[in-house]
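Let me begin by presenting the structure, written as structure tokens, before commenting on it.
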Amino acid sequence: MKVAILLLEGIVPFDLGSATQILGTARDAGGKRLYSLRVCGAGPVRSEHGFMVTPDYGLEALETADTVVVPGVHTGGPVTDGTLAPGIREALVAAAARGARIVSICTGASVLAAAGLLDGRAAATHWNWASTISRLYPQVRWNFDVLFVDDGDVLTSAGVGAGIDLCLHIVRSDFGTEVANRAARRCVVPPWRDGGQAQFIERPVPAAAVGSATEPTRAWALDRLAEPVTLEDMAGHARMSVRTFTRHFRSETGLSPRQWLLRRRVAHAQLLLESTDLGVETVARRSGLGSATALRQHLQATIGVAPSAYRRTFRQPVHQAHP
């Protein structure tokens, strides 16, 4: 499978490295590489840290690629004024039009947005760029509280480590769990984190579209995950009827309020399993899922594993003295 990784001015080196490392490591049982990688661009570019990166291929690599990956950029038009060099725009639009899968890591989503490829679609990027990118590209349904968004032919991720999660998700989708897990082991990274998991450990980022009508209520609900918050409670907090609130909420997040709240509770349960020694019953109670049975059911439905198995895989060296 041919993959073109596009270099732009201000490229984030980690994002370039994560895409080449994860996809380049994916191999079949016989050791054969499953992706043919071509790092391409319009010419040498300067990274965000000042050193130069020279691509081996020109933009013509996008013409035959099955997948195009755009790493993050922290300087330049896409993240400062919404502009994009015409040659880059045309190459990306042409690749998408002929059916190539388009992928971005971190602020690479701003490049896709500047090319018009995210108009009306759900997309993720780094939470720290929420205000800037929302202002530049209001036509995109931004979700700043997830690791990545798989929207079929366009996939976007949050920053830094989330690019690894997205690349492993791509490998898993293309070649199956065994290949993805093997690549993860070779790179010494966790094999799976659900795309809906919060972007950073302290708490889920309470925004899907900054400045939107339901944003304050989402933040309010996130502070009360352990409480029995209902749809009526959320609508009352937003001072809307249930019907109006639900319409606005779905428009801004792509989910119903109940779906969104359940995902946040499951994500918080994952967080507690990763970062504390709390018992399963306590994790279920603190995440608002009610019981260990409910936690097991929802975690199994979400990522296909039991709480104990999830904790063994993702346990972090952080201890909670008082369960």
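Residues in the sequence shown are numbered from 64 upward in steps of one, following our numbering.
Note that beta-carbon positions come from the ideal geometry of N, C-alpha and C, so glycine has one too.
Model, not experiment: these values are computed from the prediction.
Ignore the nearest five residues each way along the sequence and tell me which others in Ser25's own chain have a CB closer than 6 Å to its CB. Any answer about residue 25 is impossible in this case: the structure gives the chain only from 64 up to 386.
Endpoints, alpha helix (DSSP H) assigned at Arg281: In the sequence shown, the residue the question calls residue 281 occupies position 218. In this chain, the alpha helix (DSSP H) harbouring Arg281 covers Glu278 to Leu285.
With C-beta atoms as the reference, is Ala221 less than 7 Å away from Leu231? Position 158 of the sequence shown, counted from the first residue, corresponds to residue 221. Position 168 of the sequence shown, counted from the first residue, corresponds to residue 231. Remark: C-beta atoms of Ala221 and Leu231 do not approach each other more closely than 7 Å.
So, for Glu72: in the same chain, excluding its five sequence neighbours on each side, which residues have a beta-carbon less than 8 Å away from its beta-carbon? The residue given as residue 72 occupies position 9 in the sequence shown. Residues Val108, Arg109, Val136, Thr138 and Gly139 of the same chain have their beta carbon placed closer than 8 Å to that of Glu72, with the five preceding and five following residues left out of the count.
Same chain only: Cβ atoms within 7 Å of Phe77, ignoring 5 sequence neighbours per side: On the sequence shown, position 14 is the one that residue 77 refers to. Contacts found: Val223.
State yes or no: is the C-beta of Ala330 within less than 7 Å of the C-beta of Val343? Here residue 330 corresponds to residue number 267 of the sequence shown, with the count starting at 1. Here residue 343 corresponds to residue number 280 of the sequence shown, with the count starting at 1. A distance of 7 Å or more separates the beta carbons of Ala330 and Val343.
By the three-class DSSP mapping on this structure, what secondary structure does Ser81 have? Here residue 81 is taken as the residue at index 18 of the sequence shown, counted from 1. Note: Ser81 maps to helix in three-state DSSP.
Pick helix, strand or coil for Cys169, following the three-state DSSP scheme. Numbered from 1 along the sequence shown, position 106 holds the residue referred to as residue 169. It is coil, neither helix nor strand.
Output the boundary residues of the beta strand (DSSP E) element that contains Phe211. For the purposes of this step, residue 211 is identified with residue 148 of the sequence shown, where counting begins at 1. Where Phe211 is concerned, the enclosing beta strand (DSSP E) stretches over Phe211 to Asp213.
Using the rule of at least 16 other Cβ atoms within 10 Å of the residue's Cβ for burial, across every protein chain shown, is Ala178 buried or exposed? Taking the sequence shown and counting its residues from 1, one reaches residue 178 at position 115. Under the 10 Å beta carbon count, Ala178 is surrounded by 16 or more other beta carbons and is classified as buried.
Between which two residues does the beta strand (DSSP E) carrying Ala347 extend? On the sequence shown, position 284 is the one that residue 347 refers to. Careful: Ala347 lies outside any beta strand (DSSP E), inside the alpha helix (DSSP H) at Val343 to Arg349.
Give the single residue among Glu278, Thr219, Arg152 and Gly353 whose Cα lies nearest to the Cα of Thr170. On the sequence shown, residue 170 is found 107 positions in, with the first residue counted as 1. The shortest C-alpha separation from Thr170 is found at Thr219.
Which class does Thr219 belong to by DSSP, given the choice of helix, strand or coil? Within the sequence shown, numbered from 1, the residue matching residue 219 stands at position 156. If DSSP states are grouped into helix, strand and coil, Thr219 belongs with the strands.
Ser319: buried (16+ other C-beta within 10 angstroms of its C-beta) or exposed? Locating residue 319 in the sequence shown gives position 256, where the first residue counts as 1. Its Cβ having fewer than 16 others within 10 Å, Ser319 is exposed.
Euclidean distance between Cα positions of Asp237 and Asp129: In the sequence shown, counting from the first residue as 1, residue 237 sits at position 174. In the sequence shown, counting from the first residue as 1, residue 129 sits at position 66. Separation of Asp237 and Asp129 (C-alpha to C-alpha, rounded to the nearest whole angstrom) is 12 Å.
Taking 7 Å as the threshold (C-beta atoms), are Tyr120 and Met64 in contact? Residue 64 sits at position 1 when you count from the first residue of the sequence shown. Residue 120 sits at position 57 when you count from the first residue of the sequence shown. The answer is no: Cβ separation not under 7 Å.
State the Cα-Cα distance for the pair Leu210 and Trp190, rounded to the nearest angstrom. As a first step, residue 210 is located in the sequence shown; it is residue number 147 there, counting from the start. As a first step, residue 190 is located in the sequence shown; it is residue number 127 there, counting from the start. Cα-Cα distance, rounded: 10 Å.
Secondary structure at Met303, three-state DSSP: helix, strand or coil? Residue 303 sits at position 240 when you count from the first residue of the sequence shown. Looking at Met303 - three-state DSSP - the assignment turns out to be coil, as it is neither helix nor strand.
Taking only three categories from DSSP, how would you classify Glu142? Mapped onto the sequence shown, residue 142 falls at position 79. Residue 142 is actually Val in this sequence, not Glu. Correct three-state label for Val142: helix.
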